[in-house]
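Sequences listed follow chains A and B, in order.
Note that the first sequence ends on residue 438 in the UniProt record's numbering; no numbers are left out.
Note that the second sequence ends on residue 463 in the UniProt record's numbering; no numbers are left out.
C-beta: ideal position from N, C-alpha, C; glycine also.
Everything numeric in this text was worked out from a predicted model, so none of it was measured.
Down below is the structure, laid out as structure tokens.
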Amino acid sequence: MFRRASRSLRTPFLHPRASFATRALGRLPNSQSPIVSQPHFFNSVTGSNEQIPAFRLLDGTGVPIEGADLPEIDEAFARKLYENMQLLPNLDNILYNVQRQGKISFYMTAYGEEATIVGSAAALEDNDEVLGQYREMGVLLWRGFGLDNVMAQCFGNHEDTSGKGRQMPVHFGSPKHHFHTISSPLATQIPQAAGVAYALRRTPDRSNSVAACFFGEGAASEGDFHAGLLLASTIPSPVVFIARNNGFAISTPSSEQYYGDGIASRGPGYGIDTIRVDGNDVLAVLTAVREARARSLDQGRAVLVECMSYRVGHHSTSDDSFAYRARSEVDDRKRIDNPLVRFRLYMESRGWWNAEAEEELKSRLKADVLKAFKHAETQSRCELSELFTDIYGGEEPWNIKEQREDLARLLKKYGEDWEPWRVELQKFKNKGQELSTK
Amino acid sequence: MTTNTLRSLSGSLSRAGTTATKTRISVSVRRRNATTATQTNPAASVEPPPAGGHLPSIAQSTFLKQTRDQALKTVGIKWADTELDEARGHQSSALGSGRETRKMNTYQAIRDALSIALATDDSAIVFGEDVAFGGVFRCTLGLAEEYGRERVFNTPLTEQGVVGFGIGYASMGMDGRTGKGGTAIAEIQFADYIWPAFDQLMNEASKFRYRSGGNFDVGGLTVRCPTMAVGHGGLYHSQSPEGFFLGMSGIKVVIPRSPLQAKGLLLASIRDPNPVVFMEPKVLYRSAVEQVPTSDYVLPLSSAETLVSGSDLTVVTYGTSVYRCEQAMHLLNNPPEKGAVGSNIRDAVKDWANHPAIKSNGKGKSPSIELIDLRTILPYDLPSVLQSVQRTGRLLVVHEGPVTGGVGMQLAGEIGKRAFLNLDAPVKVVGGWDTPGVALQYEKFYIPDEIRILDAMLEVLAY
Ligand SMILES: Cc1ncc(C[n+]2csc(CCOP(=O)(O)OP(=O)(O)O)c2C)c(N)n1
Ligand SMILES: [Mg+2]
Numbered sequence: 001m002f003r004r005a006s007r008s009l010r011t012p013f014l015h016p017r018a019s020f021a022t023r024a025l026g027r028l029p030n031s032q033s034p035i036v037s038q039p040h041f042f043n044s045v046t047g048s049n050e051q052i053p054a055f056r057l058l059d060g061t062g063v064p065i066e067g068a069d070l071p072e073i074d075e076a077f078a079r080k081l082y083e084n085m086q087l088l089p090n091l092d093n094i095l096y097n098v099q100r101q102g103k104i105s106f107y108m109t110a111y112g113e114e115a116t117i118v119g120s121a122a123a124l125e126d127n128d129e130v131l132g133q134y135r136e137m138g139v140l141l142w143r144g145f146g147l148d149n150v151m152a153q154c155f156g157n158h159e160d161t162s163g164k165g166r167q168m169p170v171h172f173g174s175p176k177h178h179f180h181t182i183s184s185p186l187a188t189q190i191p192q193a194a195g196v197a198y199a200l201r202r203t204p205d206r207s208n209s210v211a212a213c214f215f216g217e218g219a220a221s222e223g224d225f226h227a228g229l230l231l232a233s234t235i236p237s238p239v240v241f242i243a244r245n246n247g248f249a250i251s252t253p254s255s256e257q258y259y260g261d262g263i264a265s266r267g268p269g270y271g272i273d274t275i276r277v278d279g280n281d282v283l284a285v286l287t288a289v290r291e292a293r294a295r296s297l298d299q300g301r302a303v304l305v306e307c308m309s310y311r312v313g314h315h316s317t318s319d320d321s322f323a324y325r326a327r328s329e330v331d332d333r334k335r336i337d338n339p340l341v342r343f344r345l346y347m348e349s350r351g352w353w354n355a356e357a358e359e360e361l362k363s364r365l366k367a368d369v370l371k372a373f374k375h376a377e378t379q380s381r382c383e384l385s386e387l388f389t390d391i392y393g394g395e396e397p398w399n400i401k402e403q404r405e406d407l408a409r410l411l412k413k414y415g416e417d418w419e420p421w422r423v424e425l426q427k428f429k430n431k432g433q434e435l436s437t438k
Numbered sequence: 001m002t003t004n005t006l007r008s009l010s011g012s013l014s015r016a017g018t019t020a021t022k023t024r025i026s027v028s029v030r031r032r033n034a035t036t037a038t039q040t041n042p043a044a045s046v047e048p049p050p051a052g053g054h055l056p057s058i059a060q061s062t063f064l065k066q067t068r069d070q071a072l073k074t075v076g077i078k079w080a081d082t083e084l085d086e087a088r089g090h091q092s093s094a095l096g097s098g099r100e101t102r103k104m105n106t107y108q109a110i111r112d113a114l115s116i117a118l119a120t121d122d123s124a125i126v127f128g129e130d131v132a133f134g135g136v137f138r139c140t141l142g143l144a145e146e147y148g149r150e151r152v153f154n155t156p157l158t159e160q161g162v163v164g165f166g167i168g169y170a171s172m173g174m175d176g177r178t179g180k181g182g183t184a185i186a187e188i189q190f191a192d193y194i195w196p197a198f199d200q201l202m203n204e205a206s207k208f209r210y211r212s213g214g215n216f217d218v219g220g221l222t223v224r225c226p227t228m229a230v231g232h233g234g235l236y237h238s239q240s241p242e243g244f245f246l247g248m249s250g251i252k253v254v255i256p257r258s259p260l261q262a263k264g265l266l267l268a269s270i271r272d273p274n275p276v277v278f279m280e281p282k283v284l285y286r287s288a289v290e291q292v293p294t295s296d297y298v299l300p301l302s303s304a305e306t307l308v309s310g311s312d313l314t315v316v317t318y319g320t321s322v323y324r325c326e327q328a329m330h331l332l333n334n335p336p337e338k339g340a341v342g343s344n345i346r347d348a349v350k351d352w353a354n355h356p357a358i359k360s361n362g363k364g365k366s367p368s369i370e371l372i373d374l375r376t377i378l379p380y381d382l383p384s385v386l387q388s389v390q391r392t393g394r395l396l397v398v399h400e401g402p403v404t405g406g407v408g409m410q411l412a413g414e415i416g417k418r419a420f421l422n423l424d425a426p427v428k429v430v431g432g433w434d435t436p437g438v439a440l441q442y443e444k445f446y447i448p449d450e451i452r453i454l455d456a457m458l459e460v461l462a463y
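Given below as structure tokens:
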């Protein structure tokens, strides 16, 4: 059943960690734990008072740090990385304001996390299965989901291929892009990722794919996080867990989210290879996730990557973060630790980028976004009858049929005359006719 | 966010709004041109939907107490200090006449109740996700500053943890006594996110007393959560999950309809000797405003309230739907001159008036509706509902949650069983459809609004 069982299901006696400290006092019979004669408490996964190190390649000014082995990337790939990173704030600026004008109901920006999201997307294969939280639109865009699909989902119009306007904005999904539909309840995707990966390893054609599971450091407090990591390591499944540690879960700073050493410290507790990376360094993220992916495939097991970043934007359009953090703190972070600037400076140092290219890119991206926005804005919603579809596969149960007919009856009776309904019906494709004339 | 921050945010951003031609200008430029944009673009002043939603019609409700006098005469109100006075043998100050009231919306009234709970009970703690800065709906605003972070605090993001923690705390007295006594007031950020805690509620809190033969209980636990739809919450910020709690004996479930009710019912829930799940209709946080007594008082649990007396149809509801029922009754009593709504009302009322039973007792020409706010969902006040239906012979139940497995069907079963011979029409339930959640763009046709409620009233009356 396990194609990689020979490696991943080896007996505990060969476990690499079992060999590090053989002592004369012997071992416990069933855990291989070496026996010691002094009580020894420990509270560190590094074995010292040092925190888990963070992997970085470029410093804040885009200069490679001492000892850095940069990944080999050419100019075209570097430009693709940068353009995808730049697309996010350009899109966020417009959609944030569109929400403020009441044209869409909600929005969430990815300000500050561009390198984490795009660097991860670039390290994955485009058919790796992605299970996201909600701030990972950049992964979909990297895979060619397209601005029209983004807009259609946010406007919830009849072109919304993610969910027919049933979900709030930013709840994207696309089987074609191997991106599982976002759901608002936090962390539910984490154990699901273990199941997805297990399915991958049972499917011969997919033996080179992993599941990539994104979540915030806040979501990592949910029981589902622990369940997910435990399952993916115990029932060996190739999952790359990518924790976006952006310092906040709405108003709650990470200092109140956990007392231990971040999310990374939990990986070894589940026997999972783990790395912490500077999430604002796109090359470091790219390198770390590539390596994580390779390990995950090679061992058929989970790997954990913790990307350290900072949520520059408000949590969402429902939030005003200056109620709980200083504006200056945000401004400082934006200025000192800006993932876009860092990579841009690196590109400039290689002669791959300049002010002219920057101007050209920004106006092109803005024009693209506005074009998609204008198109989406004028589209109607799906047909109203979609309210009652996709509930069950197979035969429609009597209650759903009866309720659909009841709404049809009501529309026939009051649809023209009752002003709130008359106005609302105009927003739907067919204006509800397909229901009321049936 | 607060109304102020919301206003200022929307203000500054709508000032930066766009016109068809101006949209091409970069955002930063638009910000600089803020004032001109306002003048040239009226559409830019459209407010974004507030997080908690808004239902303007609620402001006109006659159920909201507009004066101090009305507020102090609230039915069933019990002032906390009267008990003390009585115990001391003093003349009771039960008469509310000397008391203060203040205009509050629902989140302010909840905050007021929490503040009183903290001030009057040293063991009380208030906690949950984002509670310390005031909560995403502002219900705990300033409490951490006032009572300290030891008593009002953020938890990590885990609902099962939050409720489990609350259960543990409530099983310990302040004096170190094992078994019962602590007051734990937990917040779950949205009712939609209570499911990770369902196990703690169902298998632990509800059975705590029973399984220990009364040795242990967690009566001090109250779990607050915002519930119901607001107009733009989609599948996961709109649900009304109270139906799932109906089989959870040992737990009480309470849903208030207004600020004054919320304060009294919340204080009663906190002090009730049982764990309570207190669901707050989130559209009412801002939309419902009334005079609320500032002193400490409770309103009775498991006691429905008759808001309007009537003789021909009993309508039972709770939460946000109370106001939609009020509007439907208003339509029924004032049918529009022209159009389908008016003619349907007149036809149905005629049919009703010609009913032999109605004719024979000469009740008159227009039906009168009795409106009941159930307030406590579990254990619910069946006697009041039954007594009403025995008089009116007709029952309609209205709620936002789905019909199947909902409160309406529970009541329909009990009333059908006990009042079969009194009924002139089958019991009718108007609820959300049995779709898996409230779909974003379809919400206006999901939530039972006044026209759907009116139609159901007519159907039951004309049966
Ligand atoms: C189960 C559940 N509980 C609460 C919420 C409300 N909520 C939405 S986002 C959020 C914070 C998440 O923070 P984090 O995981 O760090 O992600 P970030 O927003 O920082 O990207 C909360 C509490 C939810 N969606 N689901
Ligand atoms: Mg976070």
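Given that a residue counts as buried once 16 or more other Cβ atoms are within 10 Å of its Cβ, and exposed if not, what is S249/B? exposed
Please confirm if T36/B has its CB atom under 7 Å from at least one CB of chain A. Reliability of the predicted coordinates at T36/B is poor, the pLDDT of 35 falling under 50, and the value obtained from them is presented with this limitation in mind. No - not a single Cβ of chain A is within 7 Å of the one on T36/B.
How many Å lie between I447/B and P335/B at the Cα? 22 Å
Count Cβ pairs between the region 294-306 of chain B and the region 339-350 of chain B that sit closer than 8 Å; are there 3 or more? Flag = no, the region 294-306 of chain B and the region 339-350 of chain B do not touch.
Run through DSSP, which three-state label would E443/B get? Reduced to three states, the DSSP call for E443/B is helix.
I'd like to know if M85/A contacts chain B, where contact means its C-beta is closer than 7 Å to some C-beta of that chain. no
Let me check you understand the geometry: is the CB of A243/A closer than 6 Å to at least one non-hydrogen atom of ligand 1? no
Would Y392/A count as contacting chain B if we go by Cβ distances under 7 Å? no
Hey, would you say P402/B sits closer than 7 Å to D449/B, going by beta carbons? Using a Cβ distance threshold of 7 Å, P402/B and D449/B do not count as a contacting pair.
Which parts of the region 162-244 of chain A are runs of the alpha helix (DSSP H), unbroken and 4 residues or longer, counting only runs that do not cross its ends? 189-201, 223-234
To the nearest angstrom, report how far apart A376/A and L340/A are at their CA atoms. 28 Å
Kindly indicate if chain A contains any beta-carbon less than 7 Å away from that of V341/B. yes
Note down, in chain order, each residue of its chain lying with its Cβ closer than 7 Å to the Cβ of P268/A, except the 5 sequence neighbours on either side. V45, T274
Report yes if the C-beta of A249/A is less than 6 Å from at least one heavy atom of ligand 2; otherwise report no. Answer for A249/A: yes, Cβ within range of ligand 2.
Listed by chain order, chain B residues near R381/A by CB distance under 7 Å: Q441
From the beta carbon of F133/B, is the nearest beta carbon of chain A less than 7 Å away? yes
What's the gap between the Cα of S259/A and the Cα of Y134/A? A small correction: the amino acid at residue 259/A is Tyr; Ser does not occupy that position in the sequence shown. If you take the alpha carbons of Y259/A and Y134/A, they lie about 25 Å apart.
Just to confirm, are P293/B and A71/B a CB contact at a threshold of 7 Å? yes
Hey, does P42/B have any beta-carbon neighbour from chain A nearer than 7 Å? Caution applies to P42/B, whose pLDDT of 38 falls short of 50 and renders its modelled position unreliable; the value that the coordinates give is listed next. Not one chain A Cβ lies under 7 Å of P42/B.
Contiguous alpha helix (DSSP H) assignments of at least 4 residues, all confined to the region 52-109 of chain A: 75-100
Would you mind reading off the limits of the alpha helix (DSSP H) that contains M347/A? 339-349
Under 7 Å by beta carbon: chain B residues contacting A249/A: Within 7 Å Cβ-Cβ: L157.
Which residues, taken in chain order from the region 425-436 of chain B, show a beta carbon closer than 7 Å to some beta carbon of chain A? Correct list: W433, D434, T435, P436.
At least 3 beta-carbon pairs within less than 8 Å: the region 276-287 of chain A vs the region 106-117 of chain A: With three or more CB-CB distances shorter than 8 Å, the region 276-287 of chain A counts as touching the region 106-117 of chain A.
Could you tell me the distance, in whole angstroms, from the CA atom of residue 481/B to the CA atom of A462/B? Residue 481/B cannot be examined here, being either before or after the span of chain B that is shown, 1 to 463.
Residue range of the beta strand (DSSP E) that includes N154/B: 152-154
Going along chain A in order, which residues have a C-beta closer than 7 Å to the C-beta of P196/B? E222, G223
What are the boundary residues of the beta strand (DSSP E) that includes V398/B? Taken as a continuous stretch (DSSP letters only), the beta strand (DSSP E) holding V398/B covers 395-402.
H40/A burial status per 10 Å Cβ neighbour count (16 or more: buried): Around the Cβ of H40/A, a 10 Å sphere holds fewer than 16 other Cβ atoms; the residue is exposed.
Beta-carbon spacing of G234/B, Q167/A below 7 Å: yes
Give me, in chain order, the residues of the same chain whose beta-carbon lies closer than 6 Å to that of G166/B; leave out the 5 immediate sequence neighbours on both sides. A184, A186, L221
The beta strand (DSSP E) with M308/A in it runs from where to where? 303-308
Give the interface partners of N154/B over in chain A, defined as CB-CB distance under 7 Å, in chain order. T252, E256
Return the Cβ separation of R79/A and W421/A in integer angstroms, given the expectation that the two are a contact with Cβ distance under 8 Å. Not a contact, Cβ separation roughly 51 Å.
Cutting at 6 Å between CB atoms, please list the residues of its own chain near P379/B, excluding the five before and the five after it. S302, listed in sequence order.
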